[in-house]
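Here's the structure we're looking at; comments come further down.
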Amino acid sequence: MTATLDAPAPVRAPVSVGRRYLAAGTFILLGLIDIFVFGLFAHRGDAIFALSLPGATPKLPGIHVPGALTAYLLGAISIGLGLLRALVDLPRWGKRLTIAIALLCFLLSLLAWADAGSSVGPLQVIDLLQGTLTASIPLVLGALAGLMCERSGVINIAIEGQLLTGAFAGAAVASVTGGVWLGLIGGSLTGGLVGLILAIFAITFLVDQIIVGVVLDVIALGLTNYLYDRVMVPYADTFNTGNTFGTLKIPVLGDIPIIGPVFFDSNVFLYITYALIVIIQIALFRTRWGLRVRAVGEHPVAADTVGIRVLWTRYRNVILGGLIAGIGGAYLTVGSVGFFTSNISSGFGYIALAAMIFGRWTPLGSVAAALLFGFSYQLQTELSVLRVPVSSFILLMAPYVATIIAVAGLVGRVRPPAADGKPYIKA
Amino acid sequence: MSDQDEAEPSAAPYVPTATTTAQDTGASAPDQPGGRQPLTGNAIIKAVTEGHSVVITILAVFVALLVGAVLIVASDPVVLRAWNSFGYAPGTVFSATWSSVAAAYSALFEGAIFSPATISAAFHGGSIAAIFYPLSLTAFEATPLILTGLSVAICFRAGMFNIGAAGQWIGGALVATWLGYAVNLPIVLHAVVCIIGAFAGGAVIGWIVGEIKARTGAHEVILTIMLNYVMYNFLAFMVSSQSLMQAPGQTNAVAPGIDGNAMLPHVGGPPPQVGVGFLIALAAAAATAWLLSRSTLGFEFRAVGASPSAARSAGIRVERVWVLAFLIAGGLAGLSAATIVQGQAAPLTTTSYGTYGFDGITVALLGRARPLGVVLAGLLFGALNAGGTVMEAATGVPSDVTNVIEALIVLFVAAPPLIRLLFRLRSTSGAGPQAVTSKGWSG
């Protein structure tokens, strides 16, 4: 912490200039890739983007674009943006807009290249977007869980453990009781229990929060593996029947073309996720409760002085975070495949943690980052359907490399809540 | 601001523990004990290296084994059936409970330390060597854990958290495997080249983290987690591409087996053997101990770990220390990979990295980030792993329970006040609850 305080101020100015040219250079590089990789190597023929699912009514016509030409055009736009960034000092929203457009150009030219002249068929845009949202659910909920904790000043590395135990309890409760809603609640409560344990060790026993988090993850993995082998596998008929929620189409909204099937024709977890995003965003920044939470996370001494109960606030937030992550865990079983399998969360909790940091500890930013990860998972699936000659492992690597580049400075220095990770001891 | 609310815990004197050696007190010179030192970056080190006595550790192991026993009993169908007849035959509940736990834990012990049966067999003309077989398995299991534990520990001592031992492990494994099958060298030399290659491969991955942290201030926890995933996918990419490292003619994602010349030999006679890998782990621990307590660089590591700002004022280049600490840590994780790649006949696959990286964290925590402690903690966890396998084979209790026990030990050791509370122990120094401040994200 002192390291950051001590970092001499003059160092910052050249960094920001460098960052300006870094962004410009990146845009130009992306544009060149658009043109010389995706454009030149695109197969002859049109790329087709299908806008409705096969067999859906009403059927929308797909968009036909010439593959190579599209890539050239998008590349030119990207290079133009790069030059713009290098020559003009844009306002903050302008910078963000250029980043978004350049990334979109890159993705579209990638897709145009992948589908141009494809023998497999059109690119299923709806499928891609639907899959992005569902793949993002555990990441978004995990990131929101982390956010709840860290805004109040407790680092939560145990998201992974909360997802995993939530998934286990979700499957077990839904199987034993036969009720998927009970599974959801059971998963959520289990996540909350892990949160409570984290809170006890971090807040009451003042153990290093990163250490508790990592250890809880290891315990969660060992415990679920143990119970899975010992109970779930031999008595699968009782404990792992694979109950799942059905899809729930929202009456009017679900019928809107494109938007309907993507956003409003999924299972209840997606709607819970929408609700939680809105609630947490408003609660944190527009209510007295949120102001108090942020005060505790930024300056606990001051918060205590004005009569806010620091430790109680932290306990409550860490448990709330656990409940949210538990829902995300339950999604992995009762909301998705139904059956629990060993290590089903497979590191989503750590990705959610990265999404939260990538999103600068804000709900909307975290959601955007989680969607980016979800999109890259789904894109990889779609591209392997199109038999693109790029290893899926390279595609899977991309979001992690992007995160490293992002935390290393492309999106600016991230600033955690000032008291994050520091236990508070009442004087 | 934050310095103020942290100054409070620092006022509570830390207990000099049995594990605190003379050199180590010399190391904490930058922060005067009990003084008004800026308590900031050193918190993790303090959390890890100080404040726990041997007693706490033993009690922590005991409580963890107790919880493990509860887990074993609560999921045992025989015991659960006995509970149904509790009304008319309460005795069966206790006997079933006892026999369930006793069977599991004695199998665990026999698999890890020694089995009384082999001793009586030795008296009746059996093999004496067989007595030491479980211990050799423990050493075998402990080898990679000691090395990844050292990797995590060296970063702890420099005030950083290395969650990336898994990625560094993969870096070392890829280089060792490639050198193992693609190069032809005479025996001994080949193995040595592979080991050096593994160290270098891991060191490169570690160096990336240190370099990015030093240049941009990005937090090493996020960098290492992300780099782990990059490396998992990179490993899968390498061993599933026919033009890169996939074994010729294979459809499975598996690398070619390495040359016999590159394999690490075993020392000692038949079955109870100790692999050369174990000796490498011990040598690495000794080298790390020397580095940390006897060398200038190690002093700089500890100074930066204790307080980066104080170290900077004293003229130590903090960024250089971060880079070098991660470089060495990566190399040690790479060595861990070498002992697996060159110590086992199994070729490299997409899941070879196992849980060595994360186990390294728990080993380093339990070993209080001290080389000797890491060796002992690695041996304990190695024993639990080796015994767990035997326990699973003998009683059907899944060996995963040992992972829970290991993590619980670390959790309890990290929270001495809890153990004191459980056993009504008085705080040894007479001070209040032992405060361990942590440094948060921006350290």
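Protein sequence lines, in the order shown, are assigned to chains A and B. Per my numbering, residue 1015 is the first one in the first sequence, and the count goes up by one each step. Per my numbering, residue 3 is the first one in the second sequence, and the count goes up by one each step. Using N, Cα and C, we set each Cβ at its ideal position, and we do this for glycine too.
Name the chain B residues whose beta carbon is nearer than 7 angstroms to that of Ala1309(A)?
The contacting residues do not exist; Ala1309(A) stays about 12 angstroms from chain B at best.
Quick check on the DSSP output: what are the complete alpha helix (DSSP H) runs of length 4 or more inside the segment 1133–1214 of chain A, in order along the chain?
1139–1165, 1173–1191, 1194–1213
Could you pull the start and end residues of the alpha helix (DSSP H) that Ile130(B) belongs to?
Segment: none, Ile130(B) is in no alpha helix (DSSP H) and carries neither H nor E.
Please work out which residues of its chain come closer than 7 angstroms, Cβ to Cβ, to Leu1325(A), disregarding the five sequence neighbours upstream and downstream, and give them in chain order.
Within the same chain, Leu1325(A) has close Cβ partners Ile1217, Tyr1438.
Determine contact between the segment 1059–1067 of chain A and the segment 1107–1116 of chain A, defined as no fewer than three beta-carbon pairs at a distance below 8 angstroms.
no
Check whether Ala1159(A) and Ser1123(A) have beta carbons under 8 angstroms apart:
The answer is no: Cβ separation not under 8 angstroms.
If you run the structure through DSSP and keep just helix, strand and coil, what is His268(B)?
strand
Quick check on Pro1437(A): does DSSP put it in helix, strand or coil?
Of the three classes helix, strand and coil, the one that applies to Pro1437(A) here is coil, per DSSP.
Tyr1329(A) to Phe142(B) span [Cα, whole Å]:
43 angstroms
Is it the case that the Cβ atoms of Arg1306(A) and Ala1317(A) are separated by a distance below 8 angstroms?
yes
Please look up how many angstroms separate the CB atoms of Val1228(A) and Leu1212(A), rounded, as I've assumed it's under 8 angstroms.
The pair is not a contact, with the Cβ atoms about 11 angstroms apart (cut-off 8 angstroms).
Do you know how far the Cα of Gly1167(A) is from the Cα of Ala1433(A)?
5 angstroms
Under the three-state DSSP convention, the category Gly1274(A) falls into:
Correct three-state label for Gly1274(A): helix.
Could you say which of Val365(B), Tyr107(B), Pro92(B), Leu82(B) lies nearest to Val69(B) if we only look at CA atoms?
Tyr107(B)
Please list, in chain order, the chain A residues whose beta carbon lies closer than 7 angstroms to that of Ser243(B).
Identification of chain A residues near Ser243(B) by a Cβ-Cβ cut-off of 7 angstroms yields Ser1405, ordered along the chain.
Taking 8 angstroms as the threshold (beta carbon to beta carbon), is Ser129(B) in contact with chain A?
For Ser129(B), the answer is no, since every Cβ of chain A falls outside 8 angstroms of its Cβ.
Residue of Ile1140(A), Leu1118(A), Phe1407(A) minimising C-alpha distance to Leu1074(A)
Checking every option, the nearest Cα to that of Leu1074(A) belongs to Ile1140(A).
Got a sec, what are the start and stop residues for the beta strand (DSSP E) His1078(A) sits in?
1077–1080
Counting beta carbon pairs with one atom in the segment 179–191 of chain B and one in the segment 322–334 of chain B, are three or more of them shorter than 8 angstroms?
no
Taking CB distances under 8 angstroms as the criterion, tell me whether Pro146(B) reaches chain A.
So no, Pro146(B) is outside the interface.
Between the beta-carbon of Ile407(B) and the beta-carbon of Ala66(B), is there less than 8 angstroms?
yes
Using the rule of at least 16 other Cβ atoms within 10 Å of the residue's Cβ for burial, across every protein chain shown, is Leu376(B) buried or exposed?
Here residue 376(B) is Val; the residue named in the question, Leu, does not match the sequence. Classification for Val376(B): buried.
Determine the direct distance from the alpha carbon of Leu61(B) to that of Val154(B), and round the result to whole angstroms.
Their Cα atoms are separated by approximately 24 angstroms.
In this structure, how does DSSP classify Val415(B) when only helix, strand and coil are distinguished?
helix
Determine, using beta carbons only, whether Gly1135(A) and Ala1344(A) come nearer to each other than 8 angstroms.
no
Tell whether a beta-carbon distance below 8 angstroms holds between Ser1150(A) and Leu1385(A).
For Ser1150(A) and Leu1385(A), yes; Cβs fall inside 8 angstroms.
Ignore the nearest five residues each way along the sequence and tell me which others in Phe1353(A)'s own chain have a CB closer than 6 angstroms to its CB.
So the list reads Asn1254, Gly1256, once near-sequence residues are dropped.
Determine, using beta carbons only, whether Ala1157(A) and Ala1382(A) come nearer to each other than 8 angstroms.
no
Indicate the three-state DSSP secondary structure (helix, strand or coil) for Ser1280(A) in the structure shown.
In this structure, Ser1280(A) counts as strand in the three-state DSSP scheme.
C-alpha gap between Gly127(B) and Ala119(B), whole angstroms:
13 angstroms
Within a Cβ cutoff of 6 angstroms, which residues of the same chain sit near Phe280(B), ignoring the five residues on either side of it in sequence?
Cβ within range, chain order: Ala141, Thr145.
Identified DSSP bridge partners for Ile1233(A):
According to DSSP, Ile1233(A) bridges with nothing at all.
According to DSSP, is Thr42(B) part of a helix, a strand, or is it coil?
A caution first: Thr42(B) carries a pLDDT of 42, below 50, which makes its placement in the model too unreliable to give a value.
Residues of its chain near Gly169(B), where Cβ-Cβ distance is below 6 angstroms and the 5 sequence neighbours each way are ignored:
Result list for Gly169(B): Ile207, Leu229, Asn230, Met233, in chain order.
Between which residues of its own chain and Thr1395(A) is the CB-CB distance below 8 angstroms, once the five residues before and five after are set aside?
Gly1145
Verify whether the separation of the beta carbon atoms of Ala283(B) and Thr341(B) is less than 8 angstroms.
In contact: Ala283(B) and Thr341(B) (Cβ atoms closer than 8 angstroms).
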